[in-house]
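Read the structure below first, then the notes.
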Amino acid sequence: MAHDYNIYHGVIAILLDLSHLAGRLTNKHASGENSAL
């Protein structure tokens, strides 16, 4: 079970990294309201 959990945790970590990167890219193209963040 532990091995499967490690794989699952790794996939979740990758997805979180990708969503964080996508969020940064969208914030660059967003209006000035989000620039302060």
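Residue numbers are given in the working numbering: position 4 of the sequence shown equals residue -15, and the series is strictly consecutive. Note that the Cβ used here is the ideal one computed from N, Cα and C, for glycine as well.
Rounded C-alpha distance that separates residue i from residue j
i, j, result
"residue -6", "residue 6", "18 Å"
"residue 9", "residue -17", "39 Å"
"residue 4", "residue -8", "18 Å"
"residue -4", "residue -14", "15 Å"
"residue -10", "residue 0", "15 Å"
"residue -12", "residue 2", "21 Å"
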